[in-house]
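**Q**
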Amino acid sequence: MIVAKPKSLEYIKKRIKNHKKIAVVGCGGCVTVRPVGGEKQVAELASVLRIWAKKEGLNLEIEEDTALRQCEPEFIDELSDKMKGCDAAISLACGVGAQCLAERYSDVKVSPGVDAVFMGATIEPGLYWERCVGCGDCIIGETGGYCPVSRCAKSLLNGPCGGSQGGKCEVDPNTPCVWEQIYKRSEESGDRDAIDKFVPPKDWSIRPSRLTLEHVRVKTEGRAT
1018 MIVAKPKSLE YIKKRIKNHK KIAVVGCGGC VTVRPVGGEK QVAELASVLR IWAKKEGLNL
1078 EIEEDTALRQ CEPEFIDELS DKMKGCDAAI SLACGVGAQC LAERYSDVKV SPGVDAVFMG
1138 ATIEPGLYWE RCVGCGDCII GETGGYCPVS RCAKSLLNGP CGGSQGGKCE VDPNTPCVWE
1198 QIYKRSEESG DRDAIDKFVP PKDWSIRPSR LTLEHVRVKT EGRAT
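Residue numbers 1018 to 1242, in this note's numbering, belong to the letters of the sequence shown in order.
1. Look at the alpha carbon of Lys1034 and the alpha carbon of Gln1116, and state the distance between them as a whole number of angstroms.
2. Roughly how many angstroms lie between the CA atoms of Ser1206 and Gly1158, to the nearest whole one?
3. By Cβ distance below 6 Å, which residues in the same chain neighbour Val1020 in space, the five residues on each side in sequence not counted?
4. Check for me: the alpha helix (DSSP H) holding Trp1069 runs from which residue to which?
5. May I ask you to report which of helix, strand or coil DSSP gives Lys1037?
6. Using a Cβ-Cβ distance under 8 Å, would Cys1164 count as near chain C?
7. According to DSSP, Leu1144 sits in a beta bridge with which residue or residues?
8. For Ser1047, does the count of other Cβ atoms within 10 angstroms reach 16, so buried, or fall short, so exposed?
9. Could you tell me how far apart the beta carbons of Ile1029 and Gly1130 are, in whole angstroms, since I believe they sit closer than 8 Å?
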């Protein structure tokens, strides 16, 4: 899932201080599961901002709503009643959702209320580790199911650096060296050929990316004709 963390209250206050009517908009996706941007957090932030605005003597009206997914146009459209008349909005979705909200309601000044940090996995309740950077060229089939791009501090593709000690990363001694994990997995599976192959540098020219699901496109075009 996309893991996010809340922006500071001071940042949010600065973004809305000079506005008359704002909307705090949450998302029912990843930021609800990793609870920083769901319906509950929308209500909490809106309440805090109302108290602050009253203490500051600001004439600020605050709407609140949560889209099922802020990255889906049809769900963003459902926010129109609450967005009507707003001159600013705080999005508690990831950067994708916040941008979609800003594109749909171009007359509203949208600011992020959270920072998307990484795509991660749940290790234990409340603990998430980065597992994917969305590089568009996945190689975990050759590295025993481990991603060296996201799990190596240096994103090394062809073996470890010389600084790891005792199976730990030299950058963060609390983090396992992913290349030691890859090596152990290859020993266990007897698949040394895969890790002995040279992996060329990533082609970062593919970014920014877009993806068309062909079966969806064909079905849509067929319906249109």
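From the three backbone atoms N, C-alpha and C, an ideal C-beta is built for every residue, glycine too. These figures come from a predicted structure and were not determined experimentally.
**A** According to the structure shown:
1. As a position in the sequence shown, residue 1034 is number 17, starting the count at 1. As a position in the sequence shown, residue 1116 is number 99, starting the count at 1. So the two alpha carbons sit approximately 21 Å from each other.
2. Taking the sequence shown and counting its residues from 1, one reaches residue 1206 at position 189. Taking the sequence shown and counting its residues from 1, one reaches residue 1158 at position 141. Approximately 13 Å, taken between the alpha carbons.
3. Indexing the sequence shown from 1 puts residue 1020 at position 3. Once the five neighbours on either side are set aside, the close Cβ partners of Val1020 are Arg1051, Val1134, Phe1135, Gly1137, Tyr1145.
4. In the sequence shown, residue 1069 corresponds to position 52, counting from 1. Element bounds for Trp1069: 1056-1073.
5. Locating residue 1037 in the sequence shown gives position 20, where the first residue counts as 1. DSSP places Lys1037 in coil when its eight states are reduced to three.
6. Any reference to chain C falls outside this structure, which holds one protein chain only.
7. Sequence index remark: in the sequence shown, residue 1144 carries index 127 (1-based). The partner list for Leu1144 (beta bridge, DSSP) reads Glu1141.
8. What you label residue 1047 is simply residue 30 of the sequence shown in a count that begins at 1. Residue identity differs from the one stated: residue 1047 is Cys in this sequence, not Ser. That one is buried.
9. The count along the sequence shown starts at 1 and reaches residue 1029 at position 12. The count along the sequence shown starts at 1 and reaches residue 1130 at position 113. So it is a contact: roughly 6 Å between Cβ atoms.
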